[in-house]
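Taking it in order: structure first as structure tokens, then the write-up.
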Amino acid sequence: MGSKALLSLRDLRLEHPRAGVLLDGVSLTLERGQILGVVGESGSGKSLTGLSVLGLHPAGRLTGTMMFDGQDLTHFTAREWQGFRGRRAAMIFQDPMSAFLPVRRIGAQIEEQIRLHLPLSRREARARVVSLLGRMGVPSPERTAERYPHELSGGLRQRAMIAMALSCDPELLIADEPTTALDVTVQAQILVLLREIGARDASVMLITHDMGVVAQSCTHVAVLYAGVVIESGPVEAILKTPLHPYTQALLRAIPPLSGPRPDRLPVIEGAPPAPNARPSGCVFAPRCASVEARCQMRPVFRSRGNHQVACVLYA
Amino acid sequence: MKGFLSRLGQMLLVLFGISVLVFAVFFATPGSDPSARIAGRGASPEVVARVRHAYGFDRALPVRYLTMMDHLFISRNLTSYVNHGQNVVEEVFDAAPVTLSLVAFAAIFWVAGALVFGLLGAAWQGSLLDRLISILALVGLSMPVFWLGEMVNLVSQSRFHETWLFRWVPPLGYVPFTTDPVSWAKGLILPAMTLSVAFIGLYSRVLRTDLLTAMQDDSLRTARAKGAGPWRLWFAHALRLSGLSALSLFGLDFAQLLGGGALLTEVVFALPGVGHLTYQGLSTLDLPLIMATVLYAAFFVVIANALIDGLYRLLDPRIGRGSHGQ
Numbered sequence: 001m002g003s004k005a006l007l008s009l010r011d012l013r014l015e016h017p018r019a020g021v022l023l024d025g026v027s028l029t030l031e032r033g034q035i036l037g038v039v040g041e042s043g044s045g046k047s048l049t050g051l052s053v054l055g056l057h058p059a060g061r062l063t064g065t066m067m068f069d070g071q072d073l074t075h076f077t078a079r080e081w082q083g084f085r086g087r088r089a090a091m092i093f094q095d096p097m098s099a100f101l102p103v104r105r106i107g108a109q110i111e112e113q114i115r116l117h118l119p120l121s122r123r124e125a126r127a128r129v130v131s132l133l134g135r136m137g138v139p140s141p142e143r144t145a146e147r148y149p150h151e152l153s154g155g156l157r158q159r160a161m162i163a164m165a166l167s168c169d170p171e172l173l174i175a176d177e178p179t180t181a182l183d184v185t186v187q188a189q190i191l192v193l194l195r196e197i198g199a200r201d202a203s204v205m206l207i208t209h210d211m212g213v214v215a216q217s218c219t220h221v222a223v224l225y226a227g228v229v230i231e232s233g234p235v236e237a238i239l240k241t242p243l244h245p246y247t248q249a250l251l252r253a254i255p256p257l258s259g260p261r262p263d264r265l266p267v268i269e270g271a272p273p274a275p276n277a278r279p280s281g282c283v284f285a286p287r288c289a290s291v292e293a294r295c296q297m298r299p300v301f302r303s304r305g306n307h308q309v310a311c312v313l314y315a
Numbered sequence: 001m002k003g004f005l006s007r008l009g010q011m012l013l014v015l016f017g018i019s020v021l022v023f024a025v026f027f028a029t030p031g032s033d034p035s036a037r038i039a040g041r042g043a044s045p046e047v048v049a050r051v052r053h054a055y056g057f058d059r060a061l062p063v064r065y066l067t068m069m070d071h072l073f074i075s076r077n078l079t080s081y082v083n084h085g086q087n088v089v090e091e092v093f094d095a096a097p098v099t100l101s102l103v104a105f106a107a108i109f110w111v112a113g114a115l116v117f118g119l120l121g122a123a124w125q126g127s128l129l130d131r132l133i134s135i136l137a138l139v140g141l142s143m144p145v146f147w148l149g150e151m152v153n154l155v156s157q158s159r160f161h162e163t164w165l166f167r168w169v170p171p172l173g174y175v176p177f178t179t180d181p182v183s184w185a186k187g188l189i190l191p192a193m194t195l196s197v198a199f200i201g202l203y204s205r206v207l208r209t210d211l212l213t214a215m216q217d218d219s220l221r222t223a224r225a226k227g228a229g230p231w232r233l234w235f236a237h238a239l240r241l242s243g244l245s246a247l248s249l250f251g252l253d254f255a256q257l258l259g260g261g262a263l264l265t266e267v268v269f270a271l272p273g274v275g276h277l278t279y280q281g282l283s284t285l286d287l288p289l290i291m292a293t294v295l296y297a298a299f300f301v302v303i304a305n306a307l308i309d310g311l312y313r314l315l316d317p318r319i320g321r322g323s324h325g326q
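One line per chain: the protein sequences are R and X, in this order.
With the UniProt record's numbering, letter number 298 in the first sequence gets 298, and the count goes up by one each step, no holes.
With the UniProt record's numbering, letter number 103 in the second sequence gets 103, and the count goes up by one each step, no holes.
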């Protein structure tokens, strides 16, 4: 909101000819300097939202608007996308092993991105690679740049991936489950690194299914359910006073850290609707405890305090 | 170094196995008594016996095997049973450059053709062009090479020889490179093209599929996210990833052709290559000649495999360096 918004998605929909409606109204805003957590379960469309921002979503009918710093990304041509990807917005992926080309050295792959976007000589690009790797906390960056992806540990690979994403000083960094494929101690290090980046280098969109990750590293959060953003706002507000019944149920399902351990955690009955069988009303209505007649209509996504929520309870 | 030695050991083992097999098959096949054939039709038993003794066929099999290997590899004076006095080692070495030239030419055509058609088919997947290429590939694959060769000869040597298109085509046969490089190249272009047609068909299909698989790879998604354009995606990323399986296939086919697999092409175009020689040896059941050509072929297959393995290691760093790293 306001003029500071770097990225603002309004009612983004993606319809795939075979799979059905993959995104069904994604609205979110990312301001400069924020770390926005995009949370949701598998199939809720969180990765797809990230890919759409880079124009890498699967073929299908995309409607709605994606404003990035005043430009509408939905009208980009192939050439404009090429200049945009990696330069103004970059992405890091879940599994840094498969995300790198296995047959080329790490340094060469980072160099490739730099030389695609910046008018640097090979030597200058290499110097930049080494300093980037160093900044990402990679030990002996010169030597690591000469390594192949399979020769590095998972944590180092992810650091190299982040170095590559930041190599052209993008304004937006989209991190698609960057810690899921890593072990716990490395996860924590990578999250610290992402937090630093969010504070210093670029705005971050952190896609995750882990509320713990959100609580640790994000400033804001958007909750996705079945291709719809149902609630968004600052992290503390959402965690303390979730408004949407889905967010409430989700947070209730986290085991308490103190006190007696419950025998069973509360669960949300049922399963999310498949993309080709989404309800026309509120997408959560079939599983919602406080469902009522008004839920037959799709609730509007509106502000309430510092939250935004799509639920008839707050209309 | 250790790898090289074990390779060498493997190679010797393979060559030994093949030579024993060929030798055993030759002498253990009923009705294939070489002395009777060498003595000629209707020779008296005394003559046959004399021939048998003269050629040493009355000695024990292992002794005969060792003698033959000695003549083949050490004294290198193994002579044909059919054309008396003809040194088969020399014959094979004379024929080898012909086959090598033909196959090298063909490999250029087939790699270039496979790259062009494979990339076109993959980049325009499902289009009319893609379907046209796949039909052409099928036609190329299923056309017998000897028939195609005869057709090429018919068109280029007699029917349309006087037109501007085929005036340059020299008469059938082989001119050594050292005699005249231009005639050498001219004489090989059409045979090599003929030989490569089926391979272009096969390899363009394989490459197209591999490229499309590579395009689905996570690393190609990363390349897109980096801002790589379509040319870079296809050539620097997809081709680099998918070239590996085509390469191992190429190594096998190339070696097989060098070892005499181009027999039909050589016969049709009257090129005195190794295939031609094998054909000759087989039709007269001339054991020394067969032995020499078969071992020569095996040698090339083993060598080519070793080379391809080395190249593979170079292109895919994940192979053979498993000991360090993680």
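Glycine included, C-beta positions come from ideal geometry on N, C-alpha and C.
Only a predicted model underlies this, so the values are computations on that prediction, with no experimental measurement involved.
Compare the beta carbon distance of R/Ala188 and R/Ile110 with 8 Å and say whether it is the shorter of the two.
No, the pair does not count as a contact, with Cβ atoms beyond the cut-off.
If you measure between the beta carbons of X/Ile200 and X/Trp124, is that distance less than 8 Å? No, they are not a contact pair.
- [ ] In angstroms with no decimal places, state the Cα-to-Cα distance between X/Val175 and X/Pro181.
- [x] Rounded to whole angstroms, the separation of the alpha carbons of X/Pro181 and X/Val175 is 8 Å.
*Examine chain X for any beta-carbon lying closer than 8 Å to the beta-carbon of R/Pro119, and answer yes or no.*
Cβ-Cβ to chain X under 8 Å: no for R/Pro119.
Exercise. Is DSSP giving R/Arg13 helix, strand or coil here?
Worked result: Strand at R/Arg13.
Q: Put X/Met143 into one of helix, strand or coil per three-state DSSP.
A: Of the three classes helix, strand and coil, the one that applies to X/Met143 here is coil, per DSSP.
DSSP three-state assignment for X/Phe73, whether helix, strand or coil: Three-state DSSP puts X/Phe73 in a helix.
Original post:
Is any beta-carbon of chain R found at less than 8 Å from that of X/Asp316?
Top reply: Yes, X/Asp316 lies at the interface with chain R (some Cβ there is under 8 Å from its Cβ).
Test item: CB-CB of R/Met67 and R/Ser121 under 8 Å: Not in contact: R/Met67 and R/Ser121 (Cβ atoms no closer than 8 Å).
**OP:** Quick one: list the residues of chain X neighbouring R/Phe100, beta-carbon separation under 8 Å, in chain order.
**Re:** Here the neighbours are Ser219 and Thr222.
ask   = Could you give the residue range of the beta strand (DSSP E) that holds R/Tyr314?
value = Following the DSSP letters along the chain, one finds R/Tyr314 in no beta strand (DSSP E), marked with neither H nor E.
**OP:** Kindly indicate if chain R contains any beta-carbon less than 8 Å away from that of X/Ala225.
**Re:** For X/Ala225, a Cβ of chain R is located within less than 8 Å of the residue's own Cβ.
Practice item. For R/Arg61, go through chain X and note every residue whose CB falls closer than 7 Å to its CB, in chain order. Key: R/Arg61 does not reach chain X, its nearest Cβ partner there being about 19 Å away, counting only Cβ pairs nearer than 7 Å.
Range covered by the alpha helix (DSSP H) that runs through X/Ala96: Looking at the DSSP string, the run of the alpha helix (DSSP H) that includes X/Ala96 is Val88 to Ala123.
- chain X beta carbons: is any one of them nearer than 8 Å to that of R/Arg113? Strictly speaking, residue 113 of chain R in this sequence is Gln, with Arg absent from that position. Chain X contact via Cβ: present.
| message | Going by the DSSP bridge assignment, what does R/Asp176 pair with across the sheet? | response | According to DSSP, R/Asp176 bridges with R/Ile207.
Notebook entry, point to check: Got a sec? Which residues, its chain only, sit under 6 Å from X/Leu289 by beta carbon, not counting five neighbours each side?
Noted result: Non-local beta-carbon contacts of X/Leu289 in its own chain, meaning distances under 6 Å to residues more than five positions away in sequence, involve Ser80, Val88 and Gly281 in chain order.
| said: If you reduce the DSSP assignment to three classes, tell me which class R/Ser27 lands in. | reply: Looking at R/Ser27 - three-state DSSP - the assignment turns out to be strand.
Secondary structure of R/Arg304, DSSP reduced to three states | Reduced to three states, the DSSP call for R/Arg304 is strand.
- Query: Using the rule of at least 16 other Cβ atoms within 10 Å of the residue's Cβ for burial, across every protein chain shown, is R/Ile174 buried or exposed?
  - Reply: R/Ile174 is buried by the Cβ-count criterion.
- Name the residue from X/Phe26, X/Tyr279 and X/Leu315 whose alpha carbon lies nearest to the alpha carbon of X/Met68. Answer by Cα proximity: X/Phe26.
- Task: Please state whether DSSP places R/Ser121 in a helix, a strand or coil.
- Result: It is coil, neither helix nor strand.
* Can you pull the DSSP bridge partners for R/Arg234? -> Per the sequence presented here, residue 234 of chain R reads as Pro, with Arg not at that position. Here R/Pro234 is bridged, per DSSP, to R/His220.
At a CB distance below 7 Å, what residues from the stretch 143 to 164 of chain R approach chain X? Give them in sequence order. Of all residues in the stretch 143 to 164 of chain R, those with a C-beta nearer than 7 Å to a C-beta of chain X are Tyr148, His150, Glu151 and Ser153, reading in chain order.
Q: Hey, could you find the ends of the alpha helix (DSSP H) R/Thr49 is sitting in?
A: Counted as a single uninterrupted DSSP element, the alpha helix (DSSP H) harbouring R/Thr49 occupies residues Lys46 to Val53.
Residue environment, R/Pro256, which counts as buried when at least 16 other CB atoms sit within 10 Å: With fewer than 16 other Cβ atoms within 10 Å, it is exposed.
inquiry  = What I want to know is whether the C-beta of X/Gly17 ends up closer than 7 Å to one or more non-hydrogen atoms of the ligand NAP.
reply    = In the structure shown, the ligand NAP is absent, as is every other ligand, since no ligand is present at all.
Out of R/Pro279, R/Gln82, R/Pro17 and R/Arg88, point me to the one whose CA is closest to R/Ala59's CA.
Of the candidates R/Pro279, R/Gln82, R/Pro17 and R/Arg88, the one whose C-alpha sits nearest the C-alpha of R/Ala59 is R/Pro17.
inquiry  = Applying the 10 Å Cβ sphere with the 16-neighbour rule, what's the burial state of X/Leu132?
reply    = Looking at its Cβ environment, which holds fewer than 16 other Cβ atoms inside 10 Å, X/Leu132 is exposed.
Sufficient close CB pairs (3 or more, under 8 Å) joining the stretch 216 to 223 of chain R to the stretch 189 to 203 of chain R:
When Cβ pairs closer than 8 Å are counted between the two stretches, the stretch 216 to 223 of chain R is seen to touch the stretch 189 to 203 of chain R, the count reaching three or more.
Margin query: Less than 8 Å between CB atoms is the rule here; does R/Gly86 satisfy it with respect to chain X?
Written below: Judged by the 8 Å Cβ criterion, R/Gly86 is in contact with chain X.
> So, is X/Gln216 buried or exposed, given that buried needs 16 or more other C-beta atoms within 10 angstroms?
Replying inline: X/Gln216 counts as exposed, since fewer than 16 other C-beta atoms from the protein chains shown sit within 10 angstroms of its C-beta.
ask   = Which parts of the stretch 24 to 56 of chain X are runs of the alpha helix (DSSP H), unbroken and 4 residues or longer, counting only runs that do not cross its ends?
value = For the stretch 24 to 56 of chain X, whole alpha helix (DSSP H) runs of length 4 or above, ordered along the chain, are 34 to 39 and 45 to 54.
message = So if DSSP puts R/Leu36 in a beta bridge, which residue, or which two residues, is it bridged to?
response = R/Leu36 pairs with R/Met205 and R/His220.
*asked:* Within 10 Å of its beta-carbon, does X/Arg205 have 16 or more other beta-carbons around it, so buried, or fewer, so exposed?
replied: Looking at its Cβ environment, which holds 16 or more other Cβ atoms inside 10 Å, X/Arg205 is buried.
* Kindly indicate which three-state DSSP category R/Pro255 falls into: helix, strand or coil? => In the displayed model, R/Pro255 falls within coil according to three-state DSSP, outside both helix and strand.
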